[in-house]
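Numbering (my numbering), first residue to last: 6 to 354. Heads up, the beta-carbon is just placed ideally off N, CA and C, and yes, glycines get one too. Every value quoted in this text rests on a predicted model; they were computed, and no experiment measured them. Each remark here refers to the structure printed beneath this line.
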Ligand SMILES: [Ca+2]
Ligand SMILES: [Ca+2]
């Protein structure tokens, strides 16, 4: 084969690979769904669950809940996120010696009991869901989110502190410097924004929505798994949206077709029926950051100081594989907004 023919063959195979990739790209459940379509879908769900409180009570009063039981869904309002019930149980929080590159803040491993069942968002809160809230609550769209607009494609550094990733005068959840549709996770929202969101959800539903505690987050992210990732021992772009192998940029590879955020639910769910706990966007939790060695962050939310730095979990589209392990702990100021940082909600039962 001549060099020219060989180059053409390579080009054709690359084009074919791209075409196949785009055809088989997994898509989230909300792809191209308008708000009107969402309302229709919710009305159908609601029609089949007219007495959801009784259904929940019956579900909780039957045999001991376990990870083997299919997730039980709750969807309070068309505006609200879809939730699943997390079973009660006991798990080991933190990472084992097998996770060679782990940070010292993942130690010591310790047993945590989740004594009360609660509901948790099946997905990260989407941009569409946050937009509904923003309009309904007449929120100002805050800018100065940290993005890579000034150096597109360079990505933020592979830390949660983003020291050389710039404050963006245009950057906001409505414009995080990369393309998003309504089914992507909302980014550029602070912990304080997340608090306003759950307060609004609580108001419109009459139920108590909140952020997960840090222990609850790791419990539902593991969903019974004691391995470094919920699916096993090795990172794979077939199970999560994350970045390059080395610091610091987004990467599309395998079933992960996205350099930035992906539509929620584009990969498989864990045993509790949750999507994207690993990667896509970091997720705010309720707790102030603190070492496990002081007994902090191990059961109820640890909040010794209202102005503390809050914990973020799960890693994101820009992080390398180590950072999307369920044991990884990040922390950052509660008014910080970043294009790799969003959240997931919990609801008391
Ligand atoms: Ca990716
Ligand atoms: Ca996530």
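Sheet register partners of residue i (DSSP bridge)
| i | result |
| --- | --- |
| residue 95 | 118 |
| residue 131 | 190 |
| residue 248 | 255 |
| residue 88 | 79 and 126 |
| residue 261 | 258 |
| residue 288 | 318 and 347 |
Proximity test, residue i beta-carbon vs ligand 1 heavy atom, cut-off 8 Å
| i | result |
| --- | --- |
| residue 173 | no |
| residue 188 | no |
| residue 328 | no |
| residue 248 | yes |
| residue 141 | no |
| residue 263 | yes |
| residue 258 | yes |
| residue 255 | yes |
| residue 344 | no |
| residue 54 | no |
| residue 271 | no |
| residue 121 | no |
| residue 322 | yes |
| residue 267 | yes |
Secondary structure of residue i, DSSP reduced to three states
| i | result |
| --- | --- |
| residue 315 | strand |
| residue 124 | strand |
| residue 279 | coil |
| residue 310 | coil |
| residue 327 | helix |
| residue 338 | strand |
| residue 237 | strand |
| residue 355 | The structure shown does not extend to residue 355, since the chain is modelled only from 6 to 354, so the question has no answer here. |
| residue 29 | Caution applies to residue 29, whose pLDDT of 39 falls short of 50 and renders its modelled position unreliable; the value that the coordinates give is listed next. Helix. |
| residue 352 | strand |
| residue 343 | strand |
| residue 72 | Note that residue 72 has pLDDT 48, beneath the 50 cutoff, so the model's placement of it is unreliable and the number below is only indicative. Coil, per DSSP. |
Ligand 3 heavy atom lying under 8 Å from the CB of residue i
| i | result |
| --- | --- |
| residue 242 | Only ligand 1 and ligand 2 can be found as ligands here, which leaves ligand 3 out of the picture. |
Quiz item: For ligand 2, which residues count as neighbours when the test is a C-beta closer than 6 Å to any heavy atom?
Solution: In chain order, the qualifying residues are 129, 281, 282, 284, 285, 286, 288 and 319.
Quiz item: What runs of the beta strand (DSSP E), each 3 residues or longer, lie entirely inside the segment 145-229?
Solution: Under the rule that a run must span 3 or more residues, the beta strand (DSSP E) segments found entirely inside the segment 145-229 read 214-216.
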